[in-house]
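Novice: Just dropping this structure here.
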Amino acid sequence: MIAENRKNKTARYAMAIDVDRCTGCGACMVACAVENNIPPAHEGATERKGITWIRVFKVNSGPHAAFVPVLCQQCGEDPPCVHVCPQQAVEVDPATGIVGQMPERCLGCRYCMAACPYHARYFNWWDPEWPAGMEKALNPDVAPRMRGVVEKCNFCHGRWHAARQRAAAEGKKEIQPGDYVPACVEACPAGTIQFGDLNDPASAVAAASKAAGSFRLLEKLGTEPKIYYHSRRDWVRGIADAPQPPMGKENARG
Amino acid sequence: MRIPGKLLFLAGMLAALGVGWVGFPLAIYKSRPQPVDFSHKVHAEKAGSSCEDCHAFRADGTFSGIPTLDKCAGCHAAPMGATVVEKKFIEQYVTPNREPQWASYARQPENVYFSHITHVKAAQLKCEQCHGDQKSNDKPRLYQEDRISGYSRDIWGRPSSRVPLRTEGGMTMGDCVACHRERGLEHSCLDCHK
Amino acid sequence: MHTTRRDLFKFIGGSAVGALFTPAPWRLITDTALWSENWPGIPRPARGEIKTKFTNCALCPAGCGVRARCVGEQPVSLAGVASHPLSRGALCPFGLAGHHLPYHPERVKAGDAQGAAAAVREAVAKCAGNERIAVLDLRPGRTASWTYRRALAGVKNGLYVAAPQPLGGWAVDLAKARTVISFGVPVLDGWGTPGNVLQARANFRLVQVEPVQSRTAILADEWLQVEPDVAAATAIVKERAANGPVLVLADWPELLALNQPGETIAPRQEAPVPDSWKTAAPVTELSDVPNASIRALLIDESVPGAYIPWSEIETKLVRDNPMVVAFGPSRAGYGRHARFTIPTPVYPELTDDIPPAVDCPGTAFRVSAPLLPPPGGVVSPADFIAGLGGLDAANALRERADAIHKSGRGAVFTYADAKSTPVKELQPDDFWKALNEGACWIGNSATMPARSGRGPALPREPRPLGSGHQDSGFTVVFTGSQPGLLVSPILSKLYQESNLRLARNGAVLHPDSARSCGVEDGSRAFLETPLGQCAVEVALDPSVPPGFVQVAAGPEVLDICGASLRARVVRA
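Residue numbers (our numbering), protein chains in the order written: chain B, -17 to 236; chain W, 73 to 266; chain L, 39 to 610.
If you want it as structure tokens, here you go:
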């Protein structure tokens, strides 16, 4: 890394998720799988061994319930998964703030999965297989991964590449806000998820991150996640400090 | 009579050097000729074409790469010259409307997101910077493919030894990184990988 | 001269040292690494020009506008059309993966269409005077439905049977309602046009009356965990009528009758049809058909619609050797009971129009234009049935579009430029072209008609409400509606790789209920009714009240439940 001679403007992409709006329909999970060439479940895949880069959990509290989409929390400068990787297959991209996972470097030791406090990383237990013919419908901007490597949300980085290509075609130097939006944000029918650059004070996420009722998951661990949640309900905000991730049962995936 | 040990050692070394420098580069590549003896030189000089005339960008910013047959047939529906190559090309491909199976010298693997337009239009690189001077190329060289990795020889670069890596002569990750680093554009793996 | 082992070692040692000074070993290491990065057997996504195409989703009557990102001609991802007047830019999870359906492993690709046609002709020939040749249309109101009716007018003893419409053929205006009282209707779980419901949601108070904690119950402003009888339900509605217009959503006619017609609810309207079509066969409801009177039945399930339990259909068939042909993309539906299953195109291969959804108060017309060509061997049910009646219906959609254009009403919203153009300003050819390239025609009468006149007949045979439960079974509650027989295999993310939705063979019980019938979490069991049984996988959830079983509404479960909605859970 040679930070001093970087020429590009740097961004810190972030998400703001309004838990009160989420209807738990699962459109984000499907759009994510379609966008990122994640295959349909192998017959042996379960809630623990399946691959869902973004996953909507139902959280109960007495008679109340809420739906909470959980994805890679895109921790700040110092994500736990980066430290533990013996292969340097995980890194924070200084240009976008995205925590990137390089499947071609990954050797499949799954230290990062143990280190991640959000259980947002997934292991390919099986070869990626699509029903005959369906491989024609794969997204050319994302490379399918092989068996034996870890993968996770990278804010639809392929869309960032595509947006930069479109910007270059139009003769623009930089991409504009709105040119680059992850698939889950685009797919959400309830407008639950906002996406933008925290370094841009005019962006909706920058405002949402400071709004009352905004919280981050397991903030006390100091991981500085870039996914901001919001709820007007006290009990929903309480899940942020839960000793377990916000799900019904402990997920001992991997 | 005994051969001195030092000599045997040296003989082994020489044999290995011979195999490694001469035999290995021959063995590691399998080659096939291009379907047509296309001459970039003729097209550049006689037809006055520039690279973009055939290797064009599409409206969406993607790069079309090697042109398809309809592009060729646009000019070569009937012979324009008297060469045997052209006549054969029209007989074998244009008339039966059969797409020639060109081999791409510069195909990057699936895990790389390479965008031509960001390099050519936004960064103002010349085609020659990576692809070398093709204007004087009269006959396509043999397409050589690495037997193990499946990469074209041009990705690796012509010389078998790439130590130390040089910035020209190849399209490996090292070459990309070297150029990006020189320009202060190297951030992380996600710059190029998808 | 003789060589020793020692000489050989010296030579090998020399070669080893020499090899280090050649590219070979280093290159082999690199190559092996590269080979492992490009693991063989992993599919390579095709590259090509990125194009955008537009169409309308045909998976359910919502007919949401779709923007398809295509590589060349192949759609690779779908998204909603922003600022769409009906679907408001939204797609549901099923619609987002609709482009996978042509590759579904359970899809039927071959069938004996000629044999089926011959068998139907034979049935027509030996049909007695009081017997019928019937077409059952699961999604009435389409242009294809008109084709069936026109064709059946020319078939001896032809009968057109339409599946019951949701809300008994009424349309609702959510934007006008201040309070929505839903009796078990999954308002926020794929009902109506999801985007429209979510947009209107901010302006109404939602009261969900439902015994189980459904997704809608979770998100409602008020959840009444009761199963009321009519008197109690009426009291619930009366109590909340003071806060402005109330909309009551329910499956029972007695409760629907609590609505004020013309206020938030009105008869569903149909887009204009050519005058020459008016001689078509009348629409009959299945309940009006005499028992044991249908000699041959053709069922169109090529586009998903209401599923009628097989037992209700079976009673209408003649006793001796009835002829049933199912038109559908899979054998999972009526194909299980039919003599012939004829494969049909699936969305996004089919060409069809989508009648207005239940939450569209005005008229609308949109065409689901194919994004992909259908494979060989599939048969359009409209062509097949038109052929039986000797009708040429190949241009039916175009004729309908021309009739709409002739009426001069309304405007057409085109997706590519998000513009609304009055129909009067367009030529018929331009109107037709726009409809095929992604557009939606909306009639002028988007406002509610005046409060007068009778609406369409409500469905008969109301489901029992609050009936006493004397038997030992559980009350069945359906959840997680899915549009039709095929959904993309990628939906496994929602029910297999997570527990967001209930799998098609899943049954959820309260732990106490499970104990009483001896089943455990994750165990296999049978759902049993007098009509049969169906294998399920049991999950436990304390939010399901004791005495209830929550199941996903698939054809297998619907077939065995019939109208009774009581079932026992038996250990496998």
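Ideal placement from N, C-alpha and C gives every residue a C-beta, glycine not left out. As the structure is a computational prediction, the values presented were derived from the model and not from experiment.
Between W:Pro97 and chain L, is the shortest Cβ-Cβ distance under 9 Å, so that the two count as touching?
Specialist: Here residue 97 of chain W refers to the residue found at position 25 when the second sequence is read from its first residue. Yes, W:Pro97 lies at the interface with chain L (some Cβ there is under 9 Å from its Cβ).
Novice: From the DSSP output, in three-state form, read off W:Ser122 for me.
Specialist: Counting from 1 along the second sequence, the entry for residue 122 of chain W is found at position 50. Coil, per DSSP.
Novice: Would you say B:Val218 lies against chain L (beta-carbon separation less than 9 Å)?
Specialist: Translated into positions along the first sequence, residue 218 of chain B becomes position 236. Chain L contact via Cβ: absent.
Novice: Residues bridged to L:Ser53 by DSSP?
Specialist: Position 15 of the third sequence, counted from the first residue, corresponds to residue 53 of chain L. Looking at the DSSP assignment, L:Ser53 forms no beta bridge with any residue, so it has no partner.
Novice: Find the nearest neighbour of L:Asp289 within the set L:Pro202, L:Arg145 and L:Leu236, judged by alpha-carbon distance.
Specialist: On the third sequence, position 251 is the one that residue 289 of chain L refers to. Of the listed residues, the one whose Cα sits closest to L:Asp289 is L:Pro202.
Novice: Report the option in L:Ala71, L:Arg542, L:Phe92 and L:Arg239 whose CA atom is closest to the CA atom of L:Asp455.
Specialist: Sequence index remark: in the third sequence, residue 455 of chain L carries index 417 (1-based). When each option's Cα is compared against that of L:Asp455, the closest is L:Phe92.
Novice: Could you tell me whether the Cβ of B:Ala224 comes closer than 9 Å to any Cβ of chain L?
Specialist: Looking up residue 224 of chain B in the first sequence gives position 242. False, the Cβ-Cβ gap to chain L never drops below 9 Å.
Novice: Give me the residue from L:Asp326, L:Ala304, L:Pro328 and L:Lys471 with the minimum Cα distance to L:Pro394.
Specialist: Counting from 1 along the third sequence, the entry for residue 394 of chain L is found at position 356. It is L:Ala304.
Novice: Along the chain, where does the beta strand (DSSP E) that runs through L:Gln571 open and close?
Specialist: Along the third sequence, read from residue 1 onward, the residue named residue 571 of chain L stands at position 533. Per DSSP, L:Gln571 belongs to the beta strand (DSSP E) from Gly570 to Leu578.
Novice: When you compare each of L:Ala157, L:Ala273, L:Arg44 and L:Leu134 to B:Ala169 by their alpha carbons, which one comes out closest?
Specialist: What you label residue 169 of chain B is simply residue 187 of the first sequence in a count that begins at 1. Nearest of L:Ala157, L:Ala273, L:Arg44 and L:Leu134 to B:Ala169, Cα basis: L:Leu134.
Novice: If you run the structure through DSSP and keep just helix, strand and coil, what is L:Arg44?
Specialist: The sequence position of residue 44 of chain L within the third sequence is 6, counting from 1. L:Arg44: helix per DSSP, three-state reduction.
Novice: Just verifying my parser: in three-state terms, what is the DSSP assignment at B:Cys135?
Specialist: The count along the first sequence starts at 1 and reaches residue 135 of chain B at position 153. Here B:Cys135 sits in coil by DSSP.
Novice: Out of W:Gly242, W:His115, W:Ser233 and W:Thr140, which one is the CA nearest neighbour of L:Pro63?
Specialist: Against the third sequence, residue 63 of chain L aligns to sequence position 25. When each option's Cα is compared against that of L:Pro63, the closest is W:Ser233.
Novice: Whose Cβ in chain L lies nearer than 7 Å to the Cβ of W:Leu86?
Specialist: On the second sequence, position 14 is the one that residue 86 of chain W refers to. In chain order: Gly56.
Novice: Does the contact criterion of 3 or more C-beta pairs under 8 Å hold for the stretch 52 to 59 of chain L versus the stretch 100 to 115 of chain B?
Specialist: Result no; under three Cβ-Cβ pairs closer than 8 Å.
Novice: Decide if W:Cys147 is buried, meaning its Cβ has at least 16 other Cβ atoms within 10 Å, or exposed.
Specialist: Your numbering for residue 147 of chain W matches position 75 in the second sequence. Answer is exposed; the Cβ neighbour count stays below 16.
Novice: Could you check where the alpha helix (DSSP H) with L:Ser551 kicks off and where it finishes?
Specialist: The residue labelled residue 551 of chain L in the question sits at position 513 within the third sequence. Taken as a continuous stretch (DSSP letters only), the alpha helix (DSSP H) holding L:Ser551 covers Pro549 to Cys555.
Novice: Would you list, in chain order, the members of the stretch -2 to 12 of chain B that have their beta-carbon closer than 8 Å to a beta-carbon of chain L?
Specialist: Result list: Thr5, Gly6, Cys7, Gly8, Ala9, Met11 and Val12.
Novice: Could you confirm whether any beta carbon from chain W is found closer than 9 Å to the beta carbon of B:Ile80?
Specialist: As a position in the first sequence, residue 80 of chain B is number 98, starting the count at 1. Yes - at least one Cβ of chain W is within 9 Å of the one on B:Ile80.
Novice: Terminal residues of the continuous beta strand (DSSP E) containing L:Ser633?
Specialist: Nothing in the structure corresponds to residue 633 of chain L, since chain L is present only between 39 and 610.
Novice: Rounded to whole angstroms, what's the CA-CA distance from L:Ala96 to L:Gly343? Just pull it up for me.
Specialist: As a working note, residue 96 of chain L is residue 58 in the third sequence. As a working note, residue 343 of chain L is residue 305 in the third sequence. Using only the alpha carbons, I get a separation of about 10 Å.
Novice: Give the single residue among B:Arg(-6), B:Thr34 and B:Asn18 whose Cα lies nearest to the Cα of L:Gln534.
Specialist: Here residue 534 of chain L corresponds to residue number 496 of the third sequence, with the count starting at 1. Measuring from the Cα of L:Gln534, the nearest candidate turns out to be B:Thr34.
Novice: Going by the CB atoms, is the gap between L:Ile88 and L:Arg107 shorter than 9 Å?
Specialist: Taking the first residue of the third sequence as 1, we reach residue 107 of chain L at position 69. Taking the first residue of the third sequence as 1, we reach residue 88 of chain L at position 50. Cβ distance < 9 Å, so L:Arg107 and L:Ile88 count as in contact.
Novice: The alpha helix (DSSP H) that contains B:Ala(-4), what's its start and end?
Specialist: Position 14 of the first sequence holds residue -4 of chain B. Note, B:Ala(-4): premise wrong, no alpha helix (DSSP H); beta strand (DSSP E) at Tyr(-5) to Asp0.
Novice: Any beta carbon of chain W sitting closer than 9 Å to that of B:His65?
Specialist: The sequence position of residue 65 of chain B within the first sequence is 83, counting from 1. No, because no Cβ of chain W sits closer than 9 Å to the Cβ of B:His65.
Novice: Under 8 Å between beta-carbons, which chain B residues line up against L:Ser368? List them in chain order, please.
Specialist: Residue mapping note: residue 368 of chain L aligns to position 330 of the third sequence, counting from 1. Going along chain B, no residue has its Cβ under 8 Å from L:Ser368, so there is no contact; the nearest lies around 13 Å.
Novice: Output the boundary residues of the beta strand (DSSP E) element that contains B:Thr174.
Specialist: In the first sequence, counting from the first residue as 1, residue 174 of chain B sits at position 192. Segment: none, B:Thr174 is in no beta strand (DSSP E) and carries neither H nor E.
Novice: Would a check of beta-carbon distances place L:His548 closer than 9 Å to chain B?
Specialist: In the third sequence, the residue the question calls residue 548 of chain L occupies position 510. No, L:His548 lies away from the interface with chain B (no Cβ there is under 9 Å from its Cβ).
Novice: I'd like to know if L:Gln152 contacts chain W, where contact means its C-beta is closer than 9 Å to some C-beta of that chain.
Specialist: For the purposes of this step, residue 152 of chain L is identified with residue 114 of the third sequence, where counting begins at 1. Taking Cβ atoms only, chain W never reaches closer than 9 Å to L:Gln152, which makes this a no.
Novice: May I have a chain-ordered list of the beta strand (DSSP E) segments no shorter than 3 residues that lie completely inside the stretch 121 to 179 of chain L?
Specialist: Here the runs fully enclosed are 170 to 175.
Novice: Can you list the beta strand (DSSP E) stretches of 3 or more residues lying completely in the stretch 60 to 115 of chain B, in chain order?
Specialist: Within the stretch 60 to 115 of chain B, the complete beta strand (DSSP E) runs of at least 3 residues are 72 to 74, 81 to 83 and 103 to 105.
Novice: Name the chain W residues whose beta carbon is nearer than 8 Å to that of B:Gly140?
Specialist: In the first sequence, the residue the question calls residue 140 of chain B occupies position 158. Chain W residues near B:Gly140: Tyr185 and Lys266.
Novice: Would you kindly work out how many angstroms separate the C-alpha atoms of B:Val16 and L:Thr302, rounded to a whole number?
Specialist: Counted from its first residue, the first sequence places residue 16 of chain B at position 34. Counted from its first residue, the third sequence places residue 302 of chain L at position 264. Approximately 38 Å between the Cα atoms of the pair.
Novice: If the cut is a Cβ gap below 9 Å, which residues of chain B does W:Ser129 touch?
Specialist: Counting from 1 along the second sequence, the entry for residue 129 of chain W is found at position 57. Per the sequence presented here, residue 129 of chain W reads as Phe, with Ser not at that position. The contacting residues are Ala151.
Novice: Please check if any C-beta of chain W sits within less than 9 Å of the C-beta of L:Phe92.
Specialist: As a working note, residue 92 of chain L is residue 54 in the third sequence. Not one chain W Cβ lies under 9 Å of L:Phe92.
Novice: Could you spell out the range, first to last residue, of the beta strand (DSSP E) harbouring L:Gly103?
Specialist: As a working mapping, residue 103 of chain L is identified with position 65 in the third sequence. Here the beta strand (DSSP E) through L:Gly103 covers Gly103 to Val109.
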